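A short worksheet on the structure shown next.
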Amino acid sequence: MSNIGKSKLGFYEKKIISNYITDENGIDLEEIGEKTTEINIPINIARNDFLSIRKLSYEINEVTNFLKSKQLEYRETGYDRRLLWFRVNVIDQAINQYLGIGYINIEQSWLKFIIHSLSHDKADQGGDGIFAIIDEDFHWAVSFTLSQQDLSLSIQKFEK
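Below is the structure:
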């Protein structure tokens, strides 16, 4: 990645941490906009393959289509805009563990990347793992939250 790309990610990292990270729930995407979609999928956290990618793809078809349309829209505008991802674990109500930021390509095996990230780097003390995909202009976001306590994967979409 070029230095320009790294500095852009640094800008977004600082903005997300400053404006959207909270002690209570890790990342508050309602600051971006209204929650327009919520899908909850039960999981068996005891199994390594607790969630089938094929099943998940079917369950979140609306969200997948939304993300693909946004990526296509960005390409058609000709601007250097991409989808951001941000990852945080909420260990308890006072500790957030920041895990990373980057760009995600919705045409590749992006869903596998998200599930792998959530399942192989779980939050300590049975906390929640959050993987958010965020618009560079902060007009919308989609979050994937793995709740070890509720044994569920929650997918939420937020839009202005």
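For the sequence shown, position 74 (counting from the first letter as 1) is numbered 74 according to full-length UniProt numbering, and the numbering increases by one without interruption. Using N, Cα and C, we set each Cβ at its ideal position, and we do this for glycine too. Every value quoted in this text rests on a predicted model; they were computed, and no experiment measured them.
- Message: At the level of alpha carbons, what is the spacing between I95 and G127?
- Response: Taking the straight line from one Cα to the other gives about 10 Å.
- Query: How should R87 be labelled, buried or exposed, when 16 other C-beta atoms within 10 angstroms of its C-beta is the threshold for buried?
  - Reply: buried
- Roughly how many angstroms lie between the CA atoms of R47 and H120, to the nearest whole one? 11 Å
- Query: Residue ranges of each beta strand (DSSP E) run of no fewer than 3 residues wholly in the region 14–47, ordered along the chain?
  - Reply: 34–42
- Message: Just to confirm, is the Cβ distance from T37 to Q156 under 8 Å?
- Response: Less than 8 Å separates the beta-carbon of T37 from that of Q156.
- Item | Simplified DSSP assignment, three categories, for E62 | Helix, per DSSP.
- Query: Under 8 Å between the Cβ atoms of I133 and L84?
  - Reply: yes
- Is I4 helix, strand or coil when you go by DSSP? Bear in mind that a pLDDT of 48 at I4, under 50, signals an unreliable position, so the model cannot answer this.
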